[in-house]
Amino acid sequence: MTSSIDQQHQDSQTSVSRPWLIVMLREITVKVRDKAFIFSTITTLVLIVGLMGFSAFLWDRSSDYTVATDSQAGGQVVQIADSMLSDGDSMTAEQLSRDQARDLVADGDADAAVYQEDGQWVILVDTELGGTLNSTLSSAIAEFSMATNAERAGVGMEELRAGSEHRVEYLTGGEDRGLTTYILRLVFAMLFYMSALVFGLAIANSVLEEKQNRVVEILATAIPIRELLYGKVLGNCVLVFAQIGLYAGVGLAAANVTGVAADLGWAFEAAGWFIVFFVFGFAAQATIWAVLGSLASRTEDLQSNTTVISMVLVAGMFAGIMAQGPWLAVASYVPIISSIAMPVRLLEGQAQVWEPFVALALCLAFGWFMLRLGEKVYQRAVFQGGRSLKWREALKIEQ
Amino acid sequence: MEEPRPDGIRRRGSVTYAPSAQGTQLEVRGLTRTFGDTTVVDNISFSVEPGQMTGFIGANGAGKTTTMRMMMGVLKVTSGEVLWNGRPITRTDRAACGYMPEERGLYPKQSILDQLGYLGQLRGLTRAEALAEAQRLLERFSLGDRKKDKLETLSLGNQQRVQVAAALLHQPSALVLDEPFSGLDPTAVDSMVELLEEHMARGVPVLFSSHQLDLVDRLCDSMVILDGGKVLASGTADELRDSRPLRHRLRCAQDVGWVRGMPGVTVEDVDGCQATVALADDDARHALLQRALDSGLREFTDLKPTLSEIYREVTR
Chain S
1 MTSSIDQQHQ DSQTSVSRPW LIVMLREITV KVRDKAFIFS TITTLVLIVG LMGFSAFLWD
61 RSSDYTVATD SQAGGQVVQI ADSMLSDGDS MTAEQLSRDQ ARDLVADGDA DAAVYQEDGQ
121 WVILVDTELG GTLNSTLSSA IAEFSMATNA ERAGVGMEEL RAGSEHRVEY LTGGEDRGLT
181 TYILRLVFAM LFYMSALVFG LAIANSVLEE KQNRVVEILA TAIPIRELLY GKVLGNCVLV
241 FAQIGLYAGV GLAAANVTGV AADLGWAFEA AGWFIVFFVF GFAAQATIWA VLGSLASRTE
301 DLQSNTTVIS MVLVAGMFAG IMAQGPWLAV ASYVPIISSI AMPVRLLEGQ AQVWEPFVAL
361 ALCLAFGWFM LRLGEKVYQR AVFQGGRSLK WREALKIEQ
Chain W
1 MEEPRPDGIR RRGSVTYAPS AQGTQLEVRG LTRTFGDTTV VDNISFSVEP GQMTGFIGAN
61 GAGKTTTMRM MMGVLKVTSG EVLWNGRPIT RTDRAACGYM PEERGLYPKQ SILDQLGYLG
121 QLRGLTRAEA LAEAQRLLER FSLGDRKKDK LETLSLGNQQ RVQVAAALLH QPSALVLDEP
181 FSGLDPTAVD SMVELLEEHM ARGVPVLFSS HQLDLVDRLC DSMVILDGGK VLASGTADEL
241 RDSRPLRHRL RCAQDVGWVR GMPGVTVEDV DGCQATVALA DDDARHALLQ RALDSGLREF
301 TDLKPTLSEI YREVTR
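Below is the structure:
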């Protein structure tokens, strides 16, 4: 026991082997205990689940139509209409006298009434004829009439229908996804913008806290100062990835539970790319925030010196939401901004297979350059109290 | 488990203070730092001996903090060197030091036990070791029941204690403390001194800066007086005192106005039956005492200069 303490005493004389790991772990543990962090994460999760639930409600809302009629023929029309409706929906006939049918529609107990008057079909509604009801009933009436006429003329239904089948082809995509694509663009853009800003500021504040309180001087005697930078950047990267992973996981689970997944399946590939780009894009700009924290001398300084990076992020967000064609294509190669723009192009099926890899490589190169430059600035600036510094000024400081 | 060790290791609580075989000697040689055209620390040299407490004194802006920061590697050295047992100091040596910077504050929003654990880990302890040692130190400072509190909720004096704990966690091989006693009440100073003495007993050299000259006088084995970036005087308290001209106090039954005009006697002050004098040689002493016996000699004592006096004299 005592000899192990001697040993321990010896060991304590050498510096730790992976200081960045200890710094990283502290960064993470402090943050996951932070009430504001927990609260914002839970709020976002609730929003995601809520959004999925809402979409499911929009997609899945099953309609049961009640249609009143006064004849056998009307009942058949409703039956045909029912078979034309999509899976969730149904239409039932209520066979009564014509006056009762009118009353039912007037009271709102039936969505419509169908009957024949003077050899013509009538669709009776109270104030408004919904699109689905209109089209299905109209088609059903046409179908019914055709069948009746065909029978009367002695022609089979199949012969009558021959050559009338058609199919729909889309130039892009498999079905109309305009709105969903737009919503996903919005979600990608907002998620990246918010995460980069929130976690970026967290990195800057964490650096500034150590600078202001001079803890950094104690830390500098224990470990090389760049290890501190690595630990902070990595710690926050891990946090933000865990958070985005959690969002994606919960979103996916909610999509499956609510049944939205079947409708959204086509978007998952782009969403997967978004996460990859998110990781690279966030990491590439994380060092910048650490450096900004080291350049500031008070919290107020952060407001002014983070303007440029905030503007870049805003630009990236707008490019992601609004840019089209060549603008979007250019944006999808600019590091940081590409984190939104490239997944958007993938979402819209505009990008070639090799394009995301090139964009990632550019992002990686940019991130590497920022880390090397940032290290130099950080090491100098973090010991300079008193006033806020500029990048150039900090680089000129004799360490 | 607790069998006595032949090499005389003392156990205190959970930690063993092993007297190091030779201790550590910390030395700066020709240390210089310039900022642009201004020389803040100008070619200074001194050493801090193993197991000794060295006071670093000087006015604000004398260069104390800059020197300490250079010693700890926080600031680059313009020229000169910092030596550890006679060889250039390495990063590993520095990591083994305990350092308390001038403007203080650890992490205000983290619990004190938690952050001490972290600082210990960065010094190479395991998390468990660091927490155990932090716990022990906090209990010693009567902060055991506040270990879960955030640092910012503690009084300034208590925050300072936590800061000291941070410097001592890893059984440092040397201590460099910038104004460790400022803001502490006398009891707190005493308990901290007691703690430092335990570390000195195992050969740890302690360098601390202070404005409180009486404290430095009371605590230090040696001192370094810095002014305008230069060392004005350094050495043990006795060496410093001996380097000053010795003065004496003479008190007799009768008036001693006669001291004026005696050969070899420099009179600093005469007040009725009492005088303060400096003597050129033994002849002068002999003559003075002879004459004093006639006046009814009551007292003749050496006046050792206080540190404050030496400080004022050298920085004048």
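Protein chains in written order, with the working numbering: chain S, 1 to 399; chain W, 1 to 316.
Just so it is clear, CB atoms sit at the ideal spot from N, CA and C, and this is done for glycine as well.
- Around residue 24/W, the same chain offers 50, 84, 85, 173, 174, 203, 204, 205 as residues with beta carbons nearer than 8 Å, after the five sequence neighbours per side are excluded.
- Take the alpha-carbon of residue 243/W and the one of residue 80/W: they are about 27 Å apart.
- Beta-bridge partners of residue 303/W (DSSP): 247/W.
- Within 10 angstroms of the beta-carbon of residue 192/S lie 16 or more other beta-carbons, which makes it buried.
- Taking a 10 Å sphere around the C-beta of residue 148/S, we find fewer than 16 other C-beta atoms and assign the residue as exposed.
- Rounded to the nearest whole angstrom, the C-alpha separation of residue 396/S and residue 382/S is 13 Å.
- The shortest CA-to-CA distance from residue 317/S to any of 341/S, 389/S, 181/S, 326/S is the one to 341/S.
- Fully contained in the region 36-116 of chain S are the following beta strand (DSSP E) runs of length 3 or more, in chain order: 64-69, 90-95.
- Among the residues of the region 58-78 of chain W, those with a Cβ less than 9 Å away from any Cβ of chain S are 69, 72, 73, 74, 75, 76, 78, in the order of the chain.
- Residue 155/S is classed as exposed because its beta carbon has fewer than 16 other beta carbons within 10 Å across all chains shown.
- Under the three-state reduction of DSSP, residue 339/S is assigned to helix.
- The CB of residue 214/S comes closer than 7 Å to the CB of 101, 103, 104, 105 in chain W, given here in chain order.
- The C-alpha of residue 72/S lies about 23 Å from the C-alpha of residue 126/S.
- For residue 123/S, the enclosing beta strand (DSSP E) has its first and last residue at 120-124.
- With a beta-carbon spacing of about 5 Å, residue 124/W and residue 16/S fall inside the 8 Å limit used to define contacts.
- Annotation: residue 226/S has no Cβ neighbours in chain W at a cutoff of 9 Å; minimum Cβ distance is about 13 Å.
- The secondary-structure analysis by DSSP pairs residue 235/W across a beta bridge with 223/W.
- Taking a 10 Å sphere around the C-beta of residue 213/S, we find 16 or more other C-beta atoms and assign the residue as buried.
- Within the region 81-141 of chain W, the alpha helix (DSSP H) runs of at least 4 residues that lie entirely inside it are, in chain order, 91-95, 112-122, 127-140.
- With respect to chain S, the C-beta atom of residue 121/W has a partner C-beta closer than 8 Å.
- By the C-beta criterion, the region 224-232 of chain W is judged not to be in contact with the region 263-283 of chain W, since fewer than 3 inter-stretch pairs fall below 8 Å.
- At least 8 Å separates the beta-carbon of residue 122/W from that of residue 196/S.
- Near chain S, meaning a CB-to-CB distance below 7 Å, the residues of the region 155-167 of chain W are 166.
- Per DSSP, the unbroken alpha helix (DSSP H) holding residue 380/S starts and ends at 355-381.
- Residue environment analysis places residue 87/W among the exposed positions, since fewer than 16 neighbouring C-beta atoms fall within 10 angstroms of its C-beta.
- Annotation: residue 61/W is outside any alpha helix (DSSP H) and is labelled neither H nor E by DSSP.
- For residue 257/W, there are no C-beta contacts with chain S under 7 Å, since the nearest C-beta of that chain is about 59 Å from it.
- With respect to the C-alpha of residue 237/W, the residue from 218/W, 194/W, 270/W, 163/W having the closest C-alpha is 218/W.
- At least one CB atom of chain W sits nearer than 8 Å to the CB of residue 217/S.
- Against chain W, the beta carbon of residue 209/S has neighbours under 9 Å at 107, 108, 109, listed in chain order.
- The beta carbon of residue 220/W sits closer than 7 Å to the beta carbons of 53, 54, 55, 237 from its chain, once the five residues preceding and following it are set aside; these are given in chain order.
- Residues of the region 374-388 of chain S with a Cβ closer than 9 Å to any Cβ of chain W, in chain order: 383, 385.
- By DSSP's assignment, residue 174/W forms a beta bridge with 97/W.
- Beta-carbon to beta-carbon, residue 239/W and residue 178/W are separated by about 24 Å, too far to satisfy the 8 Å threshold.
- Close CB contacts of residue 150/S within its chain, under the 6 Å cut and outside five residues either way in sequence, are with 157, 160 (chain order).
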